[in-house]
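So the sequence lines, in the order shown, correspond to chains A, B, C and D.
Residues in the first sequence are numbered consecutively from 1, following our numbering.
Residues in the second sequence are numbered consecutively from 282, following our numbering.
Residues in the third sequence are numbered consecutively from 563, following our numbering.
Residues in the fourth sequence are numbered consecutively from 844, following our numbering.
All residues carry an ideal CB built from backbone N, CA and C; glycine is no exception.
Note that the coordinates shown come from a computational prediction; the quantities given were computed from them, not determined experimentally.
Number of protein chains: 4
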Amino acid sequence: MSEYTLSVTCADQKGIIAAVTHCIASGEGNILNLSQHTAVDVNVFMLKADFSVADDFVRSDFEKAFSEVAGKFKMEWKLFDKALRPRVAILASKTSHCLYELLLKHEDGELACEFPVIISNHSDLAGVATQFHVPFFQVDTGKGKVAYEADIQTILEDYQVDTVVMARYMQILSPEFTRRWAYQVINIHHGFLPAFMGAKPYHQAWHRGVKIIGATAHFANENLDQGPIISQDTIRVSDTCSIERFVQLGKDVERRVLFEALKLFLDRNVFVYGGRTFILR
Amino acid sequence: MSEYTLSVTCADQKGIIAAVTHCIASGEGNILNLSQHTAVDVNVFMLKADFSVADDFVRSDFEKAFSEVAGKFKMEWKLFDKALRPRVAILASKTSHCLYELLLKHEDGELACEFPVIISNHSDLAGVATQFHVPFFQVDTGKGKVAYEADIQTILEDYQVDTVVMARYMQILSPEFTRRWAYQVINIHHGFLPAFMGAKPYHQAWHRGVKIIGATAHFANENLDQGPIISQDTIRVSDTCSIERFVQLGKDVERRVLFEALKLFLDRNVFVYGGRTFILR
Amino acid sequence: MSEYTLSVTCADQKGIIAAVTHCIASGEGNILNLSQHTAVDVNVFMLKADFSVADDFVRSDFEKAFSEVAGKFKMEWKLFDKALRPRVAILASKTSHCLYELLLKHEDGELACEFPVIISNHSDLAGVATQFHVPFFQVDTGKGKVAYEADIQTILEDYQVDTVVMARYMQILSPEFTRRWAYQVINIHHGFLPAFMGAKPYHQAWHRGVKIIGATAHFANENLDQGPIISQDTIRVSDTCSIERFVQLGKDVERRVLFEALKLFLDRNVFVYGGRTFILR
Amino acid sequence: MSEYTLSVTCADQKGIIAAVTHCIASGEGNILNLSQHTAVDVNVFMLKADFSVADDFVRSDFEKAFSEVAGKFKMEWKLFDKALRPRVAILASKTSHCLYELLLKHEDGELACEFPVIISNHSDLAGVATQFHVPFFQVDTGKGKVAYEADIQTILEDYQVDTVVMARYMQILSPEFTRRWAYQVINIHHGFLPAFMGAKPYHQAWHRGVKIIGATAHFANENLDQGPIISQDTIRVSDTCSIERFVQLGKDVERRVLFEALKLFLDRNVFVYGGRTFILR
């Protein structure tokens, strides 16, 4: 027995689900979970189906059969073998809470990926990497962005990385880098976007006197803090809190939101259309 | 154009979704939303599909066609025409917050039902009924449970009621009544079940020193406060709150939870199996 | 027995609480609740004390005694007799959810004020006012802002109003009006400020793809949606929600937040300093 | 400059706060934060004051002066020097999430204590202890409860432990042990008490069909899962979750609640009266 996830997007029309599920059933697949949504205002249909197959399943046969369905409906589609786990690199700087969260949840079996490498612009977190037996590389930002991003790119290629998670990595990636890794880099911002973009969001929040703080995980793109949002959460704060307390309280939200975003991404729940995401659960 | 909801339950097996959606597509239906879940431990498959059809759709033809599919898979199934809105009676006593919530949400178009009648064991809420132009009946509990429940039953029949909502109705329904209206009576309990069953749950909660209070909407059955749970919510409370403050804070939770339960029920999201519910969203 | 609330602000220094509470004790007051906070970054001390006194308490004697303490510490202070309930006018337009919330909570004894008058630029809510026996006035915005705000001002004076609540009143108040009523006008914005200022915040939120929506109650000032925030709350939303569903879900947050803000204000929990509020609970 | 916390409980009466704060001011203390509450139904007054003093502060002088005040009002009171950090032992078994949470938050400076020793009935977590440089002891439960609890007691004494935290320690402590350490042992239960006492609370919750799961931190006493509750939290769950998913989701709640309970305890916010706690913030 093995399991696959099929992801489909196309213009909305009659009979899509029937055609897709008939094709899966014809391939002797058993659907374990199916989610679908039509974004009415843009007439876009999205579908995600998890299905199991017997050992005699031939992927290429299924893909050939499904291509015909896809052609008829003008679908964009992807098929994921759940046994092939994405290889995710973690970028970090000095603070450890997001890094620990990902490594601990991974250890507990909650993240369907590998973490082959951790890259940082500081040495502080090398010990954490060692504890979890993950290779650690420190890049030298002193040599200029073009040069050290080339170093990062080399490491990512060496370790055959598919996806990058910025676990409070405190450097801005270049437009060249984010374009090359479009919709494959997940960042965590310590503010409730679109409020409090840019630097020191907790300071901004405290001075504005907001009663709730939050964090936002999003795909990094060439516009700082403006990529498609994947996950967000908030907590109520008291006006008797200092900014330092905001920072502490915010850490719990950040790690939770970043973990949730990566999990949704790995479980293939994230669809992107028209500059925003649609999460199908 | 009209819309239908199809609700299906059966033992899990291969090809159910394909068969169901093929049948809908064959009837020229366009699936707007499909939710499905398999409760693995009991091997029960549940599916809910909303679909739209053109004006030449013939319900009896579809039902005949679907019966064959259903027979093959040994399904239990129901088809709901969304234009036929359930007729829901509200039972209330003296407090108005749940009653107002239902009537106001209904006025705002959030509840797909009619409220043909309000029944109470007190006269206090007659004015609210008048404001919203709903017939109001006061039943006399002094005549004994058998007699006044017979009065209620007569009113429900006169007004062709399908479903009953207890909006803080402070009388216990007889086993005869709840059996007759099995899975058609929704009650709100002002405690986070299964904690704090029975009377005065806020008093129980305060004395136990809990830090969170809640409310629970459930189907009424012959075991007090033990019917299948439909919806729950909680809020954090401070130890500096009095019991009276617990009661006030709890009202917001109660009205929210009761409304949510009724909405889930009317939208056909509630499946019952093995003494518990499964909510498919 | 009667109850008073004393509200104090001054530069932080040693012995303030001792001096204040000694003065209350000397006046035979019994402190029921005391909250205090020092905003360290601006060195501002704030204190709120609720105390009860016997029937022979003479307010002017206490005020004279406290003036000496206040002079020594350079305090700004106010003394509120809880028996004198503020007179709050409600401004509304067409939607009823915030108006109902205030009237229902008031009926339940949760708001320590009077609602002597409801003013609207439409006639839609006249019936609600009648139900709750509150005088209702419709102002004519067609005659220009200066003229109809003069009408509002006249009504507020006729009804001896202290405070104004904008319960989804869909007109922008003039700077003259908000300055005249500085820190006495509470507005509800249907967005999580400072994100989504201005018109149609739910539309903005949906298109941005946020996963959480919120509402913000704040003092109205001459800068639209930028007055000091009093209360905020948020709820998680699904990407499968339409904008219309955002609007429905948001209503629950709006009414909750507006109610909370008015309650905090009436209970004298709201301190304003440096363009932001500090809520002492 | 050093800081102290004064904790006071007595029958409610006039002038307590004035007397306490006057005494602190007389000792040249500057109150940084004061919280107080009167549990009206039992007429118990509770007060917590944080204050700073200059280097010439003599603790014994203050205690002598305060004893007179305390005698007059029949107070129970404690004075804590914030520089003397409690020594907290952690008991754990096999699962690491609560242990990591405490160690990481401690590393981040959020817990005002020392962790001098970790004790377990298994060897699994020895590596975590090593990573954080905390001595680790494995006790042998095979020798019987009396014997291995004596071993634990010896370790606690050797390391001069004040307080014990059970971080998912899966053994029931004897009544002798909990009585000896009354109100000094904090446990985390993976259910929303008082619902789901005893073993396998997530299994109980799933089968009951609840829509919300939670966790509860409480003082351990001789009645299993019935000690005074310190902290609780909940999360909404979907009916499409398996029990295994409940367990995963619950871990986040457990670690958050246990951390909060320990923090409240260390910050001297926890008062116990009449078998329940009162948290003064």
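Quick check: what's the CA-CA separation for residue i versus residue j?
i       : j       : result
D:G1070 : D:F1062 : 5 Å
B:K544  : C:Q766  : 27 Å
D:I1031 : A:I188  : 30 Å
B:G490  : D:T973  : 38 Å
C:S614  : D:D967  : 59 Å
D:L1016 : D:D994  : 13 Å
B:P456  : A:A215  : 50 Å
D:H976  : D:L942  : 13 Å
C:D574  : D:S903  : 27 Å
D:I859  : C:I593  : 9 Å
A:T141  : A:Y148  : 6 Å
B:A542  : D:K857  : 49 Å
B:E344  : B:A335  : 16 Å
C:F635  : C:V582  : 10 Å
D:I1029 : D:I1078 : 22 Å
A:Y273  : A:L79   : 19 Å
C:P756  : B:Q513  : 31 Å
With DSSP run on the structure shown, which of helix, strand or coil describes residue i?
i      : result
B:Q294 : coil
D:H940 : helix
C:A757 : coil
C:S614 : strand
C:Y835 : strand
C:G633 : helix
A:V139 : coil
A:P86  : coil
C:V696 : coil
B:K426 : helix
B:E391 : coil
C:Q722 : coil
C:H752 : coil
C:P678 : strand
A:V282 : With chain A covering only 1 through 281, there is no way to say anything about residue 282 of chain A.
A:Q226 : coil
C:V747 : strand
A:K78  : strand
B:S283 : strand
Would you mind stating whether residue i and residue j have Cβ atoms separated by less than 8 Å?
i       : j       : result
A:T178  : A:N221  : yes
A:I24   : B:A299  : yes
D:L1123 : D:N1112 : yes
B:V446  : B:V369  : yes
A:K82   : A:E28   : no
B:R366  : B:A330  : no
C:Q598  : D:L877  : yes
B:V518  : B:I493  : yes
A:I230  : A:F265  : yes
A:G198  : A:L156  : no
A:H284  : A:G250  : Since the displayed chain A opens at 1 and closes at 281, residue 284 of chain A lies outside it and no answer follows.
B:S377  : D:V883  : no
C:E663  : C:R817  : yes
Against residue i, what residues of chain E qualify as contacts under a CB-to-CB distance less than 8 Å, listed in chain order?
i      : result
C:D670 : Here the protein chains are A, B, C and D, and chain E is not one of them.
Given 8 Å as the limit, is there contact between the region 104–121 of chain A and the region 84–94 of chain A, that is, 3 or more CB pairs closer than that?
Cβ pair count under 8 Å is three or more, so yes.
Would you list, in chain order, the members of the region 546–562 of chain B that have their beta-carbon closer than 8 Å to a beta-carbon of chain D?
Cβ contacts with chain D come from G556, R557, T558, F559, I560, L561 and R562.
Are three or more beta carbon pairs between the region 656–669 of chain C and the region 620–631 of chain C nearer than 8 Å?
Contact fails: fewer than three Cβ-Cβ distances are below 8 Å.
If we count Cβ pairs, one from each stretch, closer than 8 Å, do we get three or more for the region 878–895 of chain D versus the region 845–859 of chain D?
Because the criterion of three Cβ pairs below 8 Å is met, the region 878–895 of chain D and the region 845–859 of chain D touch.
Anything in the region 508–519 of chain B with a Cβ closer than 9 Å to a Cβ of chain D? List those residues in chain order, please.
Listed by position, the residues of the region 508–519 of chain B near chain D (Cβ gap below 9 Å) are P509, I510, I511, S512, Q513, D514, T515, R517 and S519.
Below 9 Å between beta carbons is the criterion; list the residues of the region 847–878 of chain D that meet it against any residue of chain C, in chain order.
Here the close residues are D855, Q856, K857, G858, I859, I860, A861, A862, V863, T864, H865, C866, I867, A868, S869, E871, G872, N873, I874, L875, N876, L877 and S878.
Looking at chain B, which residues of the region 1046–1066 of chain D have a Cβ within less than 8 Å of any of its Cβ atoms?
Taking 8 Å as the Cβ-Cβ cut-off against chain B, the residues of the region 1046–1066 of chain D that qualify are H1050, R1051, G1052, V1053, K1054, I1055 and G1057.
At a CB distance below 8 Å, what residues from the region 702–731 of chain C approach chain D? Give them in sequence order.
So the list is empty, because no residue satisfies the distance condition.
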